[in-house]
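Undergrad: Attaching a single structure in structure tokens format; questions to follow.
There are 2 protein chains.
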Amino acid sequence: MQDGYGEAMHVSAPYHQSISFGADQRRADVGLMVDIAPVSGFAFDSGAVMERITLAYQTYGTLNAARSNGILICHGLTGDQYITGTHPVTGKRGWWDALVKDGGVFDTSRYFIIVTNVLGGCMGSSGPKQIDPATKQPYGLDFPVVTIGDMVRAQTLLMDALGIEKLFAVIGGSMGGMLALEWAVRYPHRLNICAPIATSARHSPQNIAFHEIGRQAVMADPNWREGRYEALGCFPSKGLAVARMTAHVTYLSETVLQQKFGRKLQNKQQLSYGFDSDFQVESYLRHQGQAFVERFDPNSYLYITRAMDYFDLEAEFDGHLARAFAASHVRYCVISFSSDWLFTTADSKRMVRAMNAAGVRVSFTEIATDKGHDAFLLDVPEFHSTLHGFLRGMAEEEGLS
Amino acid sequence: MQDGYGEAMHVSAPYHQSISFGADQRRADVGLMVDIAPVSGFAFDSGAVMERITLAYQTYGTLNAARSNGILICHGLTGDQYITGTHPVTGKRGWWDALVKDGGVFDTSRYFIIVTNVLGGCMGSSGPKQIDPATKQPYGLDFPVVTIGDMVRAQTLLMDALGIEKLFAVIGGSMGGMLALEWAVRYPHRLNICAPIATSARHSPQNIAFHEIGRQAVMADPNWREGRYEALGCFPSKGLAVARMTAHVTYLSETVLQQKFGRKLQNKQQLSYGFDSDFQVESYLRHQGQAFVERFDPNSYLYITRAMDYFDLEAEFDGHLARAFAASHVRYCVISFSSDWLFTTADSKRMVRAMNAAGVRVSFTEIATDKGHDAFLLDVPEFHSTLHGFLRGMAEEEGLS
């Protein structure tokens, strides 16, 4: 495994004859990329069709001869394919760095790990930041609106390109968990295990509300220019920073905020009686906003939050969530975090009840932690050991050595 | 009682000889106003001093001969003196309209109700929107930063002007509850009853975080112009709307959002696959943002949120909250709402524990409701009957007929 750059796969013969795959490319800033061109184009849920799409991805470990040890890991709203190693833009370690290693939860000596930047993202996959060949400018809002279903359909085509008919597991936290659920519900024959972590089968109105605030903050920034900021040489950094600050508060629990910051002042002994950062929590949030604008595309933020808002498996199955999970051999490993108020344990239990009603095999664990939604990205040993144990047990059952 | 305009009080001889009070004025847009000029100026907690301040206020009912039936009601962050009647700007009914009437919770046949716009506000009281005589332009950020302590000190001077040495009660919800607490702790000899509702003895880091997001949204709007928007003929409406949307979500419970909106679409049968309002909750939030910019001053929003952030009775008493309440005859009526996640029942219980530790008389009620923080402004009969009963019992004890 190379640090931060998976082994380049030789792109296999198309699994579907009706799709052509471009040769694997590697770009220093986004890693591996593949062009995917279904004969009749890539059809979005919105009805839009694009001739071809690109997915950027990383792989870790080695695909076995039976092509049966693939684990697709799906990132959250602002994550990307750099799950481990050094991120080429931020220089930081990947978002699940501690889990991906020889003998780790995602054991690279046993599994072949694939992580794609989602469709609509800004780390090499097709999205609003992609250059439109017709105008030589980024698509911006001319890019079709993307759904979780579109993201997953694109991923299935990458699996075709990689010659992987059936994945050992699809795993993800937060939005990544929505993708994992969509895989299990739409393509149950293509995976053994689905692990939706800190997620929900439908985005709640409160979560839609927080996303809408973020979008309004971006679109209120005059530098957003109806999404054409790049062509016009500007950038809505202030709006995007406010959006990130809002989202960030929802990732933390009240307890974490109390423990981490309380009402402590930032580098001062007394209140300033002004509007600069007095409290550490303000300074921290401003920093989070600033760091984000250096790594993320504002239009992608609009697209991906929209995709999450649209996600509603219950509505897709006429109000009967159990039907979504019915008649499937997929094994579910549902995990929630006790202090997560964005994707609550109640959301997970709702899923689990429907899975049980559908008679599918499901294991559910609520991890006791005060770290809030962010827990899925942090060092929470009980979470890691739960996932580790589940995967190892299933791997032994499936004969993956 | 006139609809929306309290009886104009003849301003009494100054209670303190060292303060001069201007004649009572009445302006159609803000109601009653009084100028207050302490001999050595009005000293803010920040150290700033202003020669004179103005408070706008409304009164309802009649002050009795003993001047013992005054109830000061303190508004929340964006409230004002129009607690009942028709608001001169919005045309809507006052924020506690149902409670202020003959025989009501705030029985106008029994009590003399006073409501002031807080110092720093934008409904006639001195604040950043006030015209600076030196420049003939609004003060903007040249107005001193205001604290809850400053707001209350100004109110004590209005009571002096009205000739009220001791109030029967000081009552308020949310920020208004902070003012009520400040009254009881700093001026215990000037009130019998303190009713802090849906509030806290110190603003939490999560609440500071949400306020900071709102301030950043306002200040990120290029039309804010460092607070000089009025002089420059512009208005940061987009930033203020985003600030309001953020705050508004914190006023509602997840349950209310589910019940009121769920994932229902706004005037459409299917998703639009775009960035306009698809969901009712989005449309509702945008409306809340829009309505707010038509009635509130962006700089006042900065000032008042800052005042709440700074509020910390515990810190003011060296980390011993019980000391804040010690050796006082004030009777407390603490009320919280079960689904309020902004000012939680835990916040109220923390206060009540300190009050008990200080040996003061306190009654505490948690009202079971799914309406969230907003419950204090809504028709919640158990809340109203709790407050009504407490006030009537105490009025009988005090001989107020």
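Here the protein sequences come in this chain order: W and E.
For the first sequence, this note's numbering begins at 14 and goes up steadily by one.
For the second sequence, this note's numbering begins at 14 and goes up steadily by one.
For each residue, glycine too, the CB sits at the ideal point set by N, CA and C.
Which residues of chain E have a Cβ atom closer than 8 Å to the Cβ of D234 of chain W, listed in chain order?
TA: A233
Undergrad: As an exercise, report each continuous alpha helix (DSSP H) stretch of at least 4 residues that is fully enclosed by the stretch 289–336 of chain W, in chain order.
TA: 293–306, 311–323 and 326–329
Undergrad: Applying a beta-carbon distance threshold of less than 7 Å, which residues of chain W neighbour V158 of chain E?
TA: Y286 and G287
Undergrad: Looking at the structure shown, is L68 of chain E part of a helix, part of a strand, or coil, going by DSSP?
TA: strand
Undergrad: Give the straight-line distance between the Cα atoms of G406 of chain W and Y200 of chain W, rounded to the nearest whole angstrom.
TA: 23 Å
Undergrad: Using 7 Å as the threshold, is the C-beta distance between V231 of chain W and L204 of chain W below it?
TA: no
Undergrad: Tell me whether K114 of chain W sits in a helix, a strand or coil according to DSSP, three-state version.
TA: The answer is strand: DSSP assigns K114 of chain W an E or B state.
Undergrad: If I follow the unbroken alpha helix (DSSP H) through Y264 of chain E, where does it start and stop?
TA: It spans S250 to Y264 - the alpha helix (DSSP H) in which Y264 of chain E sits, taken as one unbroken run.
Undergrad: Please state whether DSSP places P201 of chain E in a helix, a strand or coil.
TA: helix
Undergrad: Does S31 of chain E get closer than 7 Å to chain W when you measure Cβ to Cβ?
TA: no
Undergrad: Hey, is M22 of chain W's beta-carbon within less than 7 Å of any beta-carbon in chain E?
TA: In this prediction, M22 of chain W scores a pLDDT of 47, lower than 50, which makes its location untrustworthy; no coordinate-derived value is stated.
Undergrad: Go to P218 of chain E, then tell me how far its alpha helix (DSSP H) extends in each direction, as first and last residue.
TA: P218 to A233
Undergrad: Can you list the residues of chain W that R39 of chain E reaches, using a CB-CB cut of under 9 Å?
TA: Neighbours of R39 of chain E on chain W: none; closest Cβ ~33 Å, over 9 Å.
Undergrad: In terms of residue numbering, what span does the alpha helix (DSSP H) encompassing E410 of chain W cover?
TA: P394 to E411
Undergrad: What does D325 of chain E touch in chain W if you count any residue whose Cβ is under 8 Å from its own?
TA: For D325 of chain E, the residues of chain W that pass the 8 Å Cβ criterion are R276, in the order they occur in the chain.
Undergrad: For A211 of chain E versus F330 of chain E, is the C-beta distance shorter than 7 Å?
TA: no
Undergrad: Under a CB-based cut-off of 7 Å, is I5 of chain E close to chain W?
TA: Examination of residue 5 of chain E is not possible in this model, given that chain E is present from 14 through 414 alone.
Undergrad: Since R366 of chain E is in the alpha helix (DSSP H), which residue starts that stretch and which ends it?
TA: T358 to A370
Undergrad: Take Y18 of chain W and list the residues in its own chain whose beta-carbon comes closer than 6 Å to its own, dropping the five residues that flank it on each side.
TA: Residue placement at Y18 of chain W cannot be trusted, given a pLDDT of 40 that sits under 50; the coordinates are not used to answer.
Undergrad: Based on DSSP bridge pairs, tell me the residues matched to F274 of chain E.
TA: DSSP output for F274 of chain E lists no bridge partner at all.
Undergrad: Against chain E, which members of the stretch 133–156 of chain W pass a CB distance test of less than 9 Å?
TA: L154
Undergrad: Does chain W have any CB closer than 7 Å to the CB of S351 of chain E?
TA: no
Undergrad: Just by C-beta distance, which residues in the stretch 247–259 of chain E are closer than 8 Å to chain W?
TA: K251, G252, A254, V255, M258 and T259
Undergrad: Classify Q168 of chain E: buried if its beta carbon has 16 or more other beta carbons within 10 angstroms, exposed otherwise.
TA: buried
Undergrad: Are L315 of chain W and R241 of chain W close, meaning C-beta to C-beta below 7 Å?
TA: Against a cut-off of 7 Å, the Cβ pair of R241 of chain W and L315 of chain W comes out as no contact.
Undergrad: How would you label H202 of chain E, buried or exposed, when you count the other beta carbons within 10 angstroms and need 16 or more for buried?
TA: Flag for H202 of chain E reads exposed.
Undergrad: With a threshold of 7 Å between beta carbons, is S59 of chain E in contact with chain W?
TA: yes
Undergrad: In chain order, which continuous runs of the alpha helix (DSSP H) of length 4 or greater are located wholly inside the stretch 115–162 of chain E?
TA: none
Undergrad: Is the beta carbon of M46 of chain E less than 7 Å from the beta carbon of G137 of chain E?
TA: Yes, the Cβ-Cβ distance between M46 of chain E and G137 of chain E is below 7 Å.
Undergrad: In chain order, what residues of the same chain have a beta carbon less than 6 Å from the beta carbon of V102 of chain W, not counting five sequence neighbours either side?
TA: R308
Undergrad: Do you know offhand how far G402 of chain E's Cα is from M364 of chain E's?
TA: 21 Å
Undergrad: Within the 7 Å Cβ cut-off, does L180 of chain W reach chain E?
TA: L180 of chain W does not count as touching chain E.
Undergrad: Do you know how far the Cα of A256 of chain W is from the Cα of K179 of chain E?
TA: 47 Å
Undergrad: Over what stretch of residues does the beta strand (DSSP E) that includes F377 of chain E continue unbroken?
TA: V375 to I380 is the span of the beta strand (DSSP E), which, as asked, contains F377 of chain E.
Undergrad: Shorter than 7 Å from the beta carbon of F330 of chain E to some beta carbon of chain W?
TA: no
Undergrad: With burial defined as no fewer than 16 other Cβ atoms inside 10 Å of the residue's Cβ, what is the status of A337 of chain E: buried or exposed?
TA: buried
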